[in-house]
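Enquirer:
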Amino acid sequence: MSMVNMEATNILPILKKKLAFLSGGKDRRSGLILTIPLCSDQTSMEELSTTLNYLLSIPSEKCKSRGFTVIVDGRKSQWNIVKTVVLMLQSVIPAEVSLVCVVKPDEFWDKKVTHFCFWKEKDRLGFEVILVSANKLTRYIEPCQLTDEFGGSLDYDHIDWLNKRLVFEKFTKESTSLLDELSVMTDSDKTTPMDKDKSADCSFLPSFDPEAVLQTGHELLSELQQRRFNGSEGGGPAWCPMDEELLAQPQVMRLLDSLREQYTKYQELCRLRNKRTQLDEIHSKVMQVVTWLEGPGTDQLKSQWAIGDSIRASQALQQKHEEIESQHSEWFAVYVELNQQIAALLGGGDEEELLELKGLQQQLSDVCYRQASHLEHRQNVLQGAHEFHSTAQDLSQQLDGLLGMLCADVAPADGAAIQQTLKHLEEKLKSVESSLAGLREKGQVVLDQMSSQPSWTEEDNKGSPTAETQENITHVQSVMEDMTLRKQRCEDMVDVRRLKMLQMVQLFKCEEDATQAVEWLGELLEALLKTHVRLGEDGQETRTMLDKHRKFVDVAQSTYDYGRQLLQASVVLCQSLRCSTRSSGDTLPRLNRVWKQFSVSAEERQHRLELAYSFHTTAERALQSVEPEVLEDVTAVGKTLLDRISMPVIFPDGSEQYFGSPGDMTSSAEMVRERLATVEEHARQLRDEGAGLHPEGAELHLEGACLQQEGGLDVIGEELNEREEDGLHDGDDDDDDLERGTQDC
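Count the sequence shown with this note's numbering and you get residues 462 to 1206, in order.
1. Where does H1162 fall in DSSP's three states?
2. With DSSP as the reference, label K479 as helix, strand or coil.
3. Have a look at the DSSP bridge pairing and note the partners of Q539.
4. Give me the residue from T530, T647, I542 with the minimum Cα distance to I591.
5. Within 10 angstroms of its Cβ, does I602 collect 16 or more other Cβ (buried), or is it exposed?
6. Quick one: give me the first and last residue of the beta strand (DSSP E) that S559 is part of.
7. Does the distance from the C-beta atom of I542 to that of L499 stay below 8 angstroms?
8. Rank Q938, L996, L890 by C-alpha distance to the C-alpha of Q949 and give the top, closest one.
9. Got a sec, what are the start and stop residues for the alpha helix (DSSP H) I934 sits in?
10. On a CA-only basis, which of D609, L986, I785 is nearest A1063? Give me that one, please.
11. From what residue to what residue does the alpha helix (DSSP H) around G599 run?
12. In angstroms with no decimal places, state the Cα-to-Cα distance between V1091 and R1054.
13. I want to see whether chain D comes within less than 8 angstroms of T725, judged by CB atoms only; does it?
14. Hey, is the region 1019-1028 in contact with the region 960-977, meaning 3+ C-beta pairs nearer than 8 angstroms?
15. Taking Cβ to Cβ, would you say V547 is nearer than 8 angstroms to V563?
16. Could you give the residue range of the beta strand (DSSP E) that holds F529?
17. Please go through the region 1001-1070 and give each complete beta strand (DSSP E) segment of 3 or more residues, from N-terminal end onward.
18. Assign T1005 to one of two classes, buried (16 or more other C-beta atoms within 10 Å of its C-beta) or exposed (fewer than that).
19. Excluding the 5 residues flanking G1153 on each side, which residues of the same chain have their C-beta closer than 7 angstroms to its C-beta?
20. Taking K903 and E837 to be in contact with their CB atoms under 8 angstroms, please state how far apart those CB atoms are, rounded to whole angstroms.
21. Could you have a look at S484 and say whether DSSP puts it in helix, strand or coil?
22. Taking all protein chains shown into account, decide if N624 is buried (16 or more other Cβ within 10 angstroms of its Cβ) or exposed.
23. Can you give me the C-alpha to C-alpha distance between L1240 and E642, rounded to a whole angstrom?
24. Alpha carbon to alpha carbon, how far is R1066 from A1144?
25. Three Cβ pairs or more, each shorter than 8 angstroms: is that satisfied between the region 1028-1035 and the region 1069-1085?
26. Can you check which of these residues, S668, A481, L717, R527, is closest to E680 by C-alpha distance?
27. So if DSSP puts E630 in a beta bridge, which residue, or which two residues, is it bridged to?
28. Leaving aside the five residues before and after L1275 along the sequence, list all residues of the same chain whose C-beta is less than 8 angstroms from its C-beta, in chain order.
29. Look up I743 in the DSSP assignment and say whether it is helix, strand or coil.
30. Kindly indicate the opening and closing residues of the alpha helix (DSSP H) around L778.
31. In terms of residues, what are the limits of the alpha helix (DSSP H) holding M498?
32. Can you name the residues that DSSP bridges to I591?
33. Between the Cα of R1134 and the Cα atoms of D1104, H1068, L883, which residue gives the shortest distance?
34. Using the DSSP secondary-structure output, state which residues sit across from E1117 in a beta bridge.
35. Since I believe Y727 is in contact with M646 (beta carbons under 8 angstroms), could you give me their beta-carbon distance rounded to a whole number of angstroms?
36. So M467 is in the alpha helix (DSSP H); what residue range does that whole segment cover?
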């Protein structure tokens, strides 16, 4: 195998075995170190020779002249193999070898070495051979130039080196071939006259992609430079098995420079050829675009002018317009592509070509922009018409719903329901007003759009709209007028319905307040019968209670009069609304019945208070006098008062009701008896001190009256005990608070 034509690709399986390698290390004379790591397996001398021939083809002649230091690692091999390898070096690289260091095992070969001394064969071999142990190899080579298997610090990755060699050789081969091809292309173009009708493509393409080859070269150069200038992690010298002396980096740089230069010339040649042929293609495509847009495209748009009379019609027109836009989009895409091509060509060329390109560009732009303007205007009109018809349809449905509410009978259950219905009616009317305003706004937008349609040519007159446009304008205006009239009619009906519903609210309020008046009057009656039971301890207190009672009655009278007025107002409202009132058959009888019961009870209460007041005043006068007539008056009034306390209140319907509980009645009777006893005791004392009265007769007379009253109280007690307890209870006689609460209501 020739050393000149040897490539790593052809002997890749052999190189992967790492039979020998150049680690990049150097000896003290700057000679390269060639390492032959013999293993325990049988080493093929042929493969080793092939590997050595390939490795020796890599360094420059200057580097070879310094000589090689060969390290033969025999620690894992046999002596005869080591000897064979050393002898083989004589025939493979005798001139380049300066020193051969045979690394021996620590405990072997000593006897065999005496039979064959390499130093005696120095003249015959042409180089010096020494036997040395691994730990003493640093006597001849610096540790930083030795790999780790010899105790050195030099990093070496054989697979990585092999991959870089493959890349380097591939790049060298491809770039050299590409340089030759590009040189032939550019030289042939200089000798051949230019022909405008010549094909835009180059006559032939290079065998390799120049961009890919350049990319490979740049990546390889970057890797080589990085490994050259970046030291190892341990701070030692960088590992450079492909450094300047091994022809890698300088050769890559030279090839890259030459390739870039030739490729630039090639690109310029292709650009000029392509530019000449692009002019005719651009002119042809521009004419195709202009012809279609001014012909079939314009005819399509001119035939579309309607806006429809409903949502469905406007949607159909929009779909048709989308189809037209889709056809135009294909031609607009061609326009964009042509515009980009023209812009690229305007950067160079002669003056005649530039003028032609600018003229084509201007013509194409004018036609496309004019057509795009008509498309956009048509789309805006259709979109505005669709929104207008959609709003008109929604408004029509709202008006129908509002009219349905107005035509339906109003029969709510109470005032709250009427208020809710009235609120709902007002909300619907407000929504209708808002929708009508939106319809007018959208209608005006459509009218403005139709009135501002762009002209087809510069000579067209924009003055008056066409007949088709006028028809669309009339349709939009008629729809807005019709919706305005419908809204006005509904608004008038809402005013009438609002008045009627407000009257119904007032009617329900009157009936509700009248019912409340009945309840208030019932509460006053209940308070009168249950809590207004005391008669006072003396005349002054009874007089005060009489005044409070009259005020209490006045409050009840006001409540009754208020209820009567409300019922009268409800009758008037019912007549106005032509509906029957519920007050005349229910609330009015209840009001009258409660009022009659209250009147009877209040009258009875007043009689008792007046009788109690008479009793207290007579008793007080009796305590100041000993006249028999006064004593008899006290006894008579007290007897009458006791009889009145024991009597129930008889209502007009025949029912009876007592004031307070039996305990209240007993307490009131006991108060009267105690008062009578006090008067009798005082009278007796006066008689004992006086001279004109017979004490025994007066005492007997008074005791007889008291005994008679005691007998009556026993009867009252028995009757009250027979009454069933119904939950009535004693309450505070706070008439002022009840009066204030009633007035607040």
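The beta-carbon is built from N, C-alpha and C at its ideal position, and this holds for glycine as well.
Being a predicted model, the structure only gives us computed values, none of them experimental.
Expert: Short version:
1. Low confidence applies to H1162: its pLDDT is 43, below 50, so where it sits in the model is not reliable enough to give any reading.
2. Coil.
3. In DSSP, Q539 forms no bridge with anything.
4. Considering only alpha carbons, the answer is T530.
5. Counting Cβ neighbours within 10 Å, I602 comes out buried, since at least 16 surround it.
6. Residues 558-564.
7. Yes, Cβ-Cβ distance for I542 and L499 is below 8 angstroms.
8. Considering only alpha carbons, the answer is L890.
9. Looking at the DSSP string, the run of the alpha helix (DSSP H) that includes I934 is 928-992.
10. Here the closest residue by C-alpha is L986.
11. Rather than Gly, the amino acid found at residue 599 in this sequence is Thr. Note, T599: premise wrong, no alpha helix (DSSP H); not H, not E.
12. Answer to the nearest angstrom: the Cα atoms are 43 angstroms apart.
13. No chain D appears in the structure shown, which is made up of a single protein chain.
14. With a cut-off of 8 angstroms, the region 960-977 and the region 1019-1028 count as touching, because enough Cβ pairs lie within range.
15. Yes, the Cβ-Cβ distance between V547 and V563 is below 8 angstroms.
16. Element bounds for F529: 529-534.
17. DSSP runs (the beta strand (DSSP E)) wholly in the region 1001-1070: none.
18. Per the 10 Å Cβ criterion, exposed.
19. Interpretation of G1153 is limited by its pLDDT of 48, a score under 50 that renders its predicted location unreliable; the figure taken from the coordinates is listed afterwards. Excluding residues within five positions, none has a Cβ falling inside 7 angstroms.
20. Contact check for K903 and E837: beta-carbon distance about 19 angstroms, past the 8 angstroms limit, so the pair fails to qualify.
21. Strand at S484.
22. The residue is exposed, with fewer than 16 neighbouring Cβ atoms inside 10 Å.
23. In the structure as shown, the chain starts at 462 and stops at 1206, and residue 1240 therefore has no counterpart that could be examined.
24. When rounded, the separation of the alpha-carbon atoms in R1066 and A1144 is 31 angstroms.
25. In this structure the region 1028-1035 does not lie against the region 1069-1085, because fewer than three pairs of beta carbons, one per stretch, are closer than 8 angstroms.
26. Looking at the Cα atoms, L717 is the closest of the given residues.
27. Partner residues in a beta bridge of E630, as assigned by DSSP, do not exist.
28. Lying outside 462 to 1206, the shown extent of the chain, residue 1275 is not represented and no answer is given.
29. DSSP places I743 within a helical segment (H, G or I) once states are collapsed to three.
30. From DSSP, the alpha helix (DSSP H) with L778 extends over 772-806.
31. Note that residue 498 is Pro in the sequence shown, not Met. Counted as a single uninterrupted DSSP element, the stretch harbouring P498 is not any alpha helix (DSSP H) but the beta strand (DSSP E) occupying residues 493-498.
32. C562.
33. A check of alpha carbon separations from R1134 across D1104, H1068, L883 identifies D1104 as the nearest.
34. Answer is I1111.
35. Confirmed, Cβ separation roughly 6 angstroms.
36. For M467, there is no enclosing alpha helix (DSSP H), since its DSSP letter is neither H nor E.
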